[in-house]
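**Q**
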Amino acid sequence: MRLIFLDCTFAYMNKKTTNELRESVLDLRCAPIECVRIGFIGLGVRAKRAVSRMMHIEGCEIVALCDLVQENIEEASAIITEHGAKAPVTFGDADGWRNLCEMQGIDLVYICTDWASHADIAVYAMQNGKHVATEVPAATTVADCWRLVDTAEATRKHCIMLENCCYDEFELCTINMAQQGVFGEIIHCEGSYLHDLRERIATNDNGERKWSNWQVEFMNSHNGNPYPTHGLGPIALAMNIHRGDKMKSIVSVSSRRVGDSDGLNGTMNSSLITTEKGNTILVQHCVALPRPYSRSFLVSGTEGFAQKYPIQHFAFAQDSDNALTGEACEKILEKYRHPYVAEYKERGTELCGRRWIDYAMDCRLIHCLRNGLPLDMNVYDAALWSCLVELTDISANNGGAPVEIPDFTRGR
Ligand SMILES: NC(=O)c1ccc[n+]([C@@H]2O[C@H](COP(=O)([O-])OP(=O)(O)OC[C@H]3O[C@@H](n4cnc5c(N)ncnc54)[C@H](O)[C@@H]3O)[C@@H](O)[C@H]2O)c1
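Counted the way this note's numbering counts, the sequence shown spans residues 6 to 417.
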């Protein structure tokens with residue numbers, strides 16, 4: 006079967022000479038910011054939690070808020086003022102996001118809108134001199150992923166995708182172990198988003214849903230994996246993608262559709278990525294079948310194995326049938342505990358319960374900006390992990406044909 010090449014990748018490859026002159030932002034360091042002034046765009050369910058978290062993080066303040074819904078602006082403003090902080094500037098009309106991006110006195114634009122608007126806002130924010138943190142996925146098309154990369158390189162601004170699953174304890178520990186070579190050479194990994202959201206997707210007698218309509222509408226009009234980054238992010242870090250290996254091609258297939266929607270998309274999407282070194286990654290998505298929650302998170306190497314769901318366990322080459330669960334697993338988690346867990350889990354759990362990973366993610370973001378450090382994830386990660394939204398769609402719509410995955414680093 007022939008590999009499908011993307012028109013836009015060809016266009017960018019042709020631009021390679023110009024782009025080679027442009028310095029990479031792989032390990033971008035920017036001037037330290039003593040107190041990070043944040044503007045939030047999109048103040049729905051996710052953002053209000055983030056606004057609350059930021060109230061407990063040293064060295065940042067929320068100076069501006071923007072949403073199309075006045076009630077959301079008022080609720081988020083109230084969170085800020087109830088903590089004794091100064092009332093933020095607010096923007097509520099259709100052009101509000103542009104006005105916020107243009108505003109002086111903002112260092113970081115934190116984007117929590119629907120998927121389709123992330124890239125436009127991120128690009129405009131960087132063009133107006135702001136760093137960007139965007140919710141997942143950072144973009145939904147390959148062309149928009151390139152726009153993020155191009156703009157970050159041209160403006161020398163950070164653009165991080167807020168992939169919180171990279172900060173979960175088992176994942177961090179496994180990444181640590183992978184970097185120390187405990188699994189030997191990693192050959193295959195799996196990462197998924199398998200979540201029974203039938204109740205949120207279903208409409209009631211009035212045609213209303215518990216879940217945002219934009220999310221269901223996007224899924225109904227696409228046939229691939231609309232939400233690949235939770236599964237893929239920590240796997241990509243464990244496999245050293247962009248740090249020693251790179252993704253080369255993907256094949257993706259979708260099952261038939263079940264349920265009452267007449268949308269195009271299949272219920273279960275499975276995609277297989279091949280890396281340049283010849284390793285493989287399985288990424289799956291399903292939100293419409295009754296099954297236990299799972300992000301899979303499986304790492305398989307020549308010396309060892311880790312899997313998070315349904316029960317966290319490790320196994321090693323000398324006795325690979327012996328799945329180390331329970332206490333044995335805890336011992337390994339303790340031995341290879343990631344420093345972020347030691348630093349952020351306790352306080353994060355006090356503040357956010359099981360969502361302490363979001364607290365860890367935001368603390369790290371603010372810490373790096375305050376200290377002029379490279380961020381934990383860069384714009385190339387954001388682009389690569391997000392581009393699978395479109396690539397899985399292309400492959401699934403072509404009977405599972407292999408599709409080239411662009412190298413957003415342009416070989417660097
Ligand atoms: N990482 C995670 O675990 C996690 C969990 C939930 C949601 N998310 C992500 O967070 C993002 C937001 O999800 P949500 O559940 O909060 O959605 P939501 O629909 O509750 O909120 C989106 C908000 O953006 C506002 N908005 C949309 N377009 C706008 C514009 N042009 N200008 C200003 N405001 C605008 C809407 O009015 C709404 O209030 C999504 O990208 C989603 O995938 C991530």
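Where is the CB? At the ideal position from N, CA and C, for every residue including glycine.
If I measure Cβ to Cβ from K251 and keep anything under 7 Å in the same chain, skipping five residues before and after, which residues do I get?
**A** T280, E281 and D412.
**Q** For I38, which residues in the same chain have their Cβ closer than 7 Å to its Cβ, ignoring the five residues on either side in sequence?
**A** Answer for I38: D112, L374 and R375, listed in chain order.
**Q** Inspect the beta-carbon positions of V94 and V68 and report whether they are closer than 8 Å.
**A** Yes. Within cutoff.
**Q** Kindly indicate which residue of G110, G377, A99 and D98 has the alpha-carbon position closest to the one of G44.
**A** The residue with the shortest Cα to Cα distance from G44 is G110.
**Q** Mind checking T22: buried by the 16 CB within 10 Å criterion, or exposed?
**A** The predicted model places T22 with a pLDDT of 45, which falls under 50 and marks its position as unreliable, so this point remains unresolved.
**Q** Of the residues T86, T272 and G49, which one's Cα is nearest the Cα of E76?
**A** Comparing Cα-Cα distances from E76 to each of T86, T272 and G49, the minimum goes to G49.
**Q** Quick one: grab the DSSP three-state call for N225.
**A** Correct three-state label for N225: helix.
**Q** Return yes when at least one heavy atom of ligand 1 lies under 7 Å from the C-beta of A52, else no.
**A** Yes, the beta carbon of A52 sits closer than 7 Å to at least one heavy atom of ligand 1.
**Q** Got a sec? Which residues, its chain only, sit under 6 Å from E351 by beta carbon, not counting five neighbours each side?
**A** Nothing listed; no residue qualifies.
**Q** Compute the Euclidean distance between the alpha carbons of R4 and R214, then round it to the nearest angstrom.
**A** This structure does not reach residue 4, given that the chain is present from 6 up to 417, and the question cannot be answered.
**Q** Between the beta-carbon of V128 and the beta-carbon of T156, is there less than 8 Å?
**A** In contact: V128 and T156 (Cβ atoms closer than 8 Å).
**Q** Indicate whether the contact test is met: 3 or more Cβ pairs, each with one atom in the segment 156-175 and one in the segment 133-140, closer than 8 Å.
**A** Judged by Cβ distances under 8 Å, the segment 156-175 makes contact with the segment 133-140, as three or more pairs qualify.
**Q** Determine the extent of the alpha helix (DSSP H) in which I371 is found, giving its start and end residues.
**A** From DSSP, the alpha helix (DSSP H) with I371 extends over W361 to N376.
**Q** Which complete beta strand (DSSP E) runs does the segment 144-203 hold, if anything under 3 residues is left out?
**A** The qualifying runs are 164-166 and 191-199.
**Q** Please return the same chain residues whose Cβ sits closer than 6 Å to the Cβ of A328, not counting the five positions on each side in sequence.
**A** Taken in chain order, the residues that qualify are H318 and A320.
**Q** Could you pull the start and end residues of the beta strand (DSSP E) that S82 belongs to?
**A** Careful: S82 lies outside any beta strand (DSSP E), inside the alpha helix (DSSP H) at Q75 to E87.
**Q** Under the criterion of a Cβ to heavy atom distance below 7 Å, does S217 qualify as lining ligand 1?
**A** For ligand 1, at least one heavy atom lies less than 7 Å from the Cβ of S217.
**Q** Would the beta-carbon of L48 be found less than 7 Å away from any heavy atom of ligand 1?
**A** Yes, the beta carbon of L48 sits closer than 7 Å to at least one heavy atom of ligand 1.
**Q** How about D119 and W216: are their beta carbons less than 8 Å apart?
**A** Not a contact, by the Cβ cut-off of 8 Å.
**Q** Taking 7 Å as the line, does the beta carbon of V304 fall inside it for any heavy atom of ligand 1?
**A** No; taking the cut-off as 7 Å, the Cβ of V304 has no heavy atom of ligand 1 nearer than that.
**Q** In this structure, how does DSSP classify I253 when only helix, strand and coil are distinguished?
**A** The question names Ile, but residue 253 in the sequence shown is Lys. Strand at K253.
**Q** Name the DSSP bridge partner or partners of F310?
**A** The partner list for F310 (beta bridge, DSSP) reads S305 and A320.
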